[in-house]
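What follows is a set of notes on a single structure, which appears directly below.
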Amino acid sequence: MTEAGAHQVSHDYTNHLIHESSPYLLMHAHNPVDWYPWGDEAFDLAKRENKPIFLSVGYSTCHWCHVMERESFTNPEIARIMNDNFVNIKVDREERPDVDKVYMTFVQATTGSGGWPMSVFLTPDLKPFFGGTYWPPVDRYGRPGFSTVLERVAGAWKKDSARIEKSAADVVEQLEKSVNAPSPEKANISEAILTHAYQQIKSGYDPANGGFGGAPKFPRPVVFNFLLRYHARTGDQAALQMTLHTLHAMAEGGIHDHLGGGFHRYSVDAKWHVPHFEKMLYDQAQLAIAYLEAYQITHDPFYAAIAHDILDYVLRDMHSAHGGFFSAEDADSQIEKGKPEHGEGAFYLWSSGQIEEVLGPDAAKIFGYYYDVEPHGNVAVQNDPQGEFTGKNILQVAYSVDATAKHFGMSPEEIRATLADARGRLLAARDQRPRPPLDDKVLTSWNGLMISAFARAGQILGDAAYVKAAQDAADFIQAKLYNDRTGMLMRRYREGDVGIGGFLDDYTGLIQGLLDLYEASFRVSDLTWGIRLEETQDRLFWDDKGGGYFQTPPNDTSILVRMRDAYDGAEPSANSVAAINLLRLAEMANRPVWREKADQVFAAFSRQIEHAPETLPQMISAVDFALSKPRQVVIAGDRTRQDTQALLNVVNRRYLPNKVLFVVDGEEGKQLASWLPFIEGMHPIDGKATAYVCENYTCKLPTTDPARVAALLDEKP
Numbered sequence: 000m001t002e003a004g005a006h007q008v009s010h011d012y013t014n015h016l017i018h019e020s021s022p023y024l025l026m027h028a029h030n031p032v033d034w035y036p037w038g039d040e041a042f043d044l045a046k047r048e049n050k051p052i053f054l055s056v057g058y059s060t061c062h063w064c065h066v067m068e069r070e071s072f073t074n075p076e077i078a079r080i081m082n083d084n085f086v087n088i089k090v091d092r093e094e095r096p097d098v099d100k101v102y103m104t105f106v107q108a109t110t111g112s113g114g115w116p117m118s119v120f121l122t123p124d125l126k127p128f129f130g131g132t133y134w135p136p137v138d139r140y141g142r143p144g145f146s147t148v149l150e151r152v153a154g155a156w157k158k159d160s161a162r163i164e165k166s167a168a169d170v171v172e173q174l175e176k177s178v179n180a181p182s183p184e185k186a187n188i189s190e191a192i193l194t195h196a197y198q199q200i201k202s203g204y205d206p207a208n209g210g211f212g213g214a215p216k217f218p219r220p221v222v223f224n225f226l227l228r229y230h231a232r233t234g235d236q237a238a239l240q241m242t243l244h245t246l247h248a249m250a251e252g253g254i255h256d257h258l259g260g261g262f263h264r265y266s267v268d269a270k271w272h273v274p275h276f277e278k279m280l281y282d283q284a285q286l287a288i289a290y291l292e293a294y295q296i297t298h299d300p301f302y303a304a305i306a307h308d309i310l311d312y313v314l315r316d317m318h319s320a321h322g323g324f325f326s327a328e329d330a331d332s333q334i335e336k337g338k339p340e341h342g343e344g345a346f347y348l349w350s351s352g353q354i355e356e357v358l359g360p361d362a363a364k365i366f367g368y369y370y371d372v373e374p375h376g377n378v379a380v381q382n383d384p385q386g387e388f389t390g391k392n393i394l395q396v397a398y399s400v401d402a403t404a405k406h407f408g409m410s411p412e413e414i415r416a417t418l419a420d421a422r423g424r425l426l427a428a429r430d431q432r433p434r435p436p437l438d439d440k441v442l443t444s445w446n447g448l449m450i451s452a453f454a455r456a457g458q459i460l461g462d463a464a465y466v467k468a469a470q471d472a473a474d475f476i477q478a479k480l481y482n483d484r485t486g487m488l489m490r491r492y493r494e495g496d497v498g499i500g501g502f503l504d505d506y507t508g509l510i511q512g513l514l515d516l517y518e519a520s521f522r523v524s525d526l527t528w529g530i531r532l533e534e535t536q537d538r539l540f541w542d543d544k545g546g547g548y549f550q551t552p553p554n555d556t557s558i559l560v561r562m563r564d565a566y567d568g569a570e571p572s573a574n575s576v577a578a579i580n581l582l583r584l585a586e587m588a589n590r591p592v593w594r595e596k597a598d599q600v601f602a603a604f605s606r607q608i609e610h611a612p613e614t615l616p617q618m619i620s621a622v623d624f625a626l627s628k629p630r631q632v633v634i635a636g637d638r639t640r641q642d643t644q645a646l647l648n649v650v651n652r653r654y655l656p657n658k659v660l661f662v663v664d665g666e667e668g669k670q671l672a673s674w675l676p677f678i679e680g681m682h683p684i685d686g687k688a689t690a691y692v693c694e695n696y697t698c699k700l701p702t703t704d705p706a707r708v709a710a711l712l713d714e715k716p
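Those letters in the sequence shown? Residues 0 to 716, by numbering that gives the first Met the number 0.
Structure below.
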């Protein structure tokens with residue numbers, strides 16, 4: 000299905016979104032719908048005219064958001080109905096996850112499902128009373144179209160707005176009760192919780208294709224985080240093999256961009272072949288870490304190569320000159336230069352003829368055999384209901400290098416060289432196509448995840464350029480999105496414009512990034528900043544009554560309910576990340592109160608932890624940390640010297656998820672000792688870098704021998 004008009008800008012109309020920074024909102028600034036941004040101007044108008052609010056929530060790379068815009072929001076007749084009867088508000092869910100969360104909870108509770116675009120009707124005082132997701136413009140297949148929905152809601156409001164307002168007030172009251180339900184004072188966490196989570200996750204495993212559940216299939220890296228920890232704790236081989244199989248299947252599938260690197264959002268089929276083509280920063284960050292940890296465990300260069308592939312893509316296409324990382328690339332793009340038609344995946348699709356034109360017949364045969372290129376396209380009809388991919392190929396690995404070499408009577412080395420050359424030439428040809436639109440806003444939370452990925456990669460792969468990328472991003476956020484006087488973060492930066500006070504995930508994501516960055520670069524300033532951010536986070540978001548953290552800071556009257564959530568989906572929940580941050584900081588800064596706070600987080604979500612742990616695998620990873628004996632590894636020595644690096648390499652090539660790592664080096668070592676007195680007596684022995692491996696701050700005999708360090712680290716705690 001082509002999307003004539005998607006992303007087109009017509010200047011026949013201009014609405015109140017024209018002054019916004021969000022690329023998603025700006026896409027709608029010339030709709031005939033009189034859109035307002037979320038804010039007092041729209042709220043006051045709704046109250047003054049006693050009109051219900053139509054709230055539309057989406058994001059810039061959302062395919063069905065584009066479809067609904069093209070079909071409905073650019074339609075003057077539908078816009079007339081909207082403008083006559085409603086105050087219309089458009090929200091970018093990536094900028095305002097607080098707004099999205101409240102109303103998505105309502106939509107899921109009342110319809111049984113959710114998604115984007117999210118469409119919700121509100122009373123003038125912002126209480127929801129009816130909602131859904133995508134509606135077609137007119138009635139289809141026995142279902143009402145958007146224009147019908149609008150007219151019915153407008154009629155119901157005019158007929159009996161008092162009844163609707165009473166019903167909406169009852170809904171909000173129930174929502175508040177569910178959020179504020181009392182929690183146990185103490186969580187009952189044990190190894191049985193870990194086993195329960197493992198069994199629940201394992202039951203959904205797809206042994207044929209990798210991944211969990213059926214189509215559509217999402218990566219959900221938080222599951223890998225837990226499974227690899229469970230393997231490390233128990234030695235369970237199935238936990239490892241499920242992860243490795245899935246990572247392999249994804250890397251070989253169409254969800255992976257085999258030419259440009261990185262991963263698309265998810266696949267519509269169970270075999271990872273046909274993706275929705277958007278590329279999200281948070282997916283790249285989390286998947287890079289999953290491949291890095293798989294490499295630590297297996298030492299198989301395949302996993303390191305995929306991590307490089309992801310990170311090099313991000314540096315090339317999602318990295319700003321000022322150091323921050325952009326948010327996303329769209330699924331849709333122009334089909335041809337100079338023409339308005341857009342299509343999903345247009346940038347990534349290939350006909351066999353296009354490939355042969357670039358590579359020539361001989362190389363095209365080899366490339367086509369390896370990557371499953373078919374003359375009439377390789378997308379099954381059931382995975383292409385709109386006929387978008389007819390005659391096109393989505394690249395996926397069909398045969399191994401060895402099998403391809405045997406088929407063509409060549410050596411594996413010759414095949415690898417041919418494929419590498421072909422990928423380079425096809426990438427250069429693809430770069431001449433119209434690129435998918437880039438959402439170039441910089442979000443603090445997602446940048447925190449990416450800082451973690453680059454820091455971990457620099458640490459594990461020994462690549463200083465990756466550490467530098469993490470440092471540059473952290474320094475950018477500190478310069479542009481942080482107020483040193485108040486200790487508070489902002490959420491969004493775009494083209495010099497800074498806006499929106501930080502939410503919980505901005506703090507937790509950045510703190511995690513800073514802790515990982517400290518363990519890669521050993522700049523104590525990063526650790527110091529992380530500690531201060533944790534103190535601010537506790538002040539702004541902690542729930543004194545129920546434990547855990549609210550998603551939003553206090554005092555925003557436009558948010559009906561301060562939500563408190565722990566579901567780990569495409570992104571880890573902020574409460575789950577907070578729990579691990581608290582446990583790490585308790586060890587790194589000697590703050591036992593933060594370990595107690597982590598226990599209170601577990602208590603706040605104890606019912607979910609006990610009964611449905613598969614819904615929060617990142618939280619269960621925090622439980623795993625809490626149940627472990629804390630291990631501290633301290634290297635005393637000059638971080639720039641080879642002997643110090645040799646000891647660090649021994650640590651970094653091992654998968655040790657529940658440890659903290661320090662380097663005691665000159666003046667910065669004194670700062671560490673002010674938090675951790677046990678470090679004060681740690682010095683190089685005979686002028687050589689020295690390792691101290693400790694549990695609960697009780698240390699084994701120090702050693703300068705890398706082999707001895709390896710033996711100490713390999714001992715079971």
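Even glycine gets a Cβ: it sits at the ideal position worked out from N, Cα and C.
Could you tell me the boundaries of the alpha helix (DSSP H) in which residue i lies?
i: Trp37; result: Taken as a continuous stretch (DSSP letters only), Trp37 belongs to no alpha helix (DSSP H), as it is neither H nor E.
i: Gln477; result: Ala463 to Lys479
i: Tyr492; result: Premise fails: Tyr492 lies in the beta strand (DSSP E), Met487 to Arg493, not in any alpha helix (DSSP H).
i: Leu226; result: Pro220 to Thr233
i: Asp311; result: Pro300 to Asp316
i: Phe540; result: Val523 to Phe540
i: Gly498; result: Premise fails: Gly498 lies in the beta strand (DSSP E), Asp496 to Gly500, not in any alpha helix (DSSP H).
Is residue i helix, strand or coil by DSSP?
i: Arg722; result: With the chain covering 0 to 716 only, the question about residue 722 has no answer from this structure.
i: Thr689; result: strand
i: Ala454; result: helix
i: Lys176; result: helix
i: Lys699; result: coil
i: Ala3; result: With a pLDDT of 33 at Ala3, under the threshold of 50, the predicted position of this residue should be treated as unreliable, and no value is reported.
i: Gln550; result: coil
i: Ala121; result: The displayed chain sequence assigns Leu, not Ala, to residue 121. Note: Leu121 maps to strand in three-state DSSP.
i: Asp401; result: helix
i: Phe324; result: strand
i: Gly359; result: coil
i: Pro591; result: helix
i: Trp134; result: coil
i: Lys185; result: coil
i: Val8; result: Low per-residue confidence applies at Val8: pLDDT is 46, beneath 50, and the placement is therefore not dependable enough to give any value.
i: Leu437; result: strand
i: Ser20; result: coil
i: Leu559; result: coil
i: Ile52; result: strand
What first and last residue would you give for the beta strand (DSSP E) that runs through residue i?
i: Arg341; result: Per the sequence shown, the amino acid found at residue 341 is His instead of Arg. Residues His341 to Glu343.
Return yes when the Cβ of residue j is within less than 8 angstroms of the Cβ of residue i, no when it is not.
i: Thr403; j: Ile365; result: yes
i: Gln295; j: Phe262; result: no
i: Ile510; j: Leu532; result: yes
i: Leu358; j: Ala421; result: yes
i: Asp598; j: Arg232; result: no
i: Phe502; j: Asp97; result: yes
i: Pro135; j: Glu70; result: yes
i: Gln617; j: Pro571; result: yes
i: Asp308; j: Gly344; result: no
i: Tyr465; j: Leu310; result: yes
i: Asp205; j: Phe325; result: no
i: Leu54; j: Leu149; result: no
i: Gly210; j: Ala186; result: no
i: Thr551; j: Ala635; result: no
i: Ile678; j: Gly668; result: yes
With 8 angstroms as the threshold, decide whether the Cβ of residue i is near any Cβ in chain D.
i: Arg652; result: You won't find chain D in this structure, because it holds only one protein chain.
> Which runs of the alpha helix (DSSP H) fall wholly inside the stretch 65-96 and span at least 4 residues, in chain order?
Replying inline: The stretch 65-96 contains these whole alpha helix (DSSP H) runs: 75-84.
> Counting Cβ pairs, one atom from each stretch, are 3 or more of them under 8 angstroms apart for the stretch 430-442 and the stretch 318-334?
Replying inline: Remark: three or more beta-carbon pairs, one from each stretch, lie closer than 8 angstroms, so the stretch 430-442 and the stretch 318-334 are flagged as touching.
>> My parser needs the alpha helix (DSSP H) runs of 4 or more residues fully inside the stretch 648-693; what are they?
In response: Counting only runs of 4 or more, we get 666-674.
>> In chain order, what are the residue ranges of uninterrupted alpha helix (DSSP H) at least 4 long that sit wholly in the stretch 599-637?
In response: Within the stretch 599-637, the alpha helix (DSSP H) runs of at least 4 residues that lie entirely inside it are, in chain order, 605-610 and 616-626.
>> Under 8 angstroms, with one C-beta from each stretch per pair, do the stretch 92-106 and the stretch 117-136 reach the 3-pair mark?
In response: Under the Cβ criterion (8 angstroms, minimum of three pairs), the stretch 92-106 counts as touching the stretch 117-136.
> Contact between the stretch 463-483 and the stretch 412-431: three or more CB pairs below 8 angstroms?
Replying inline: Too few Cβ pairs lie closer than 8 angstroms, so no.
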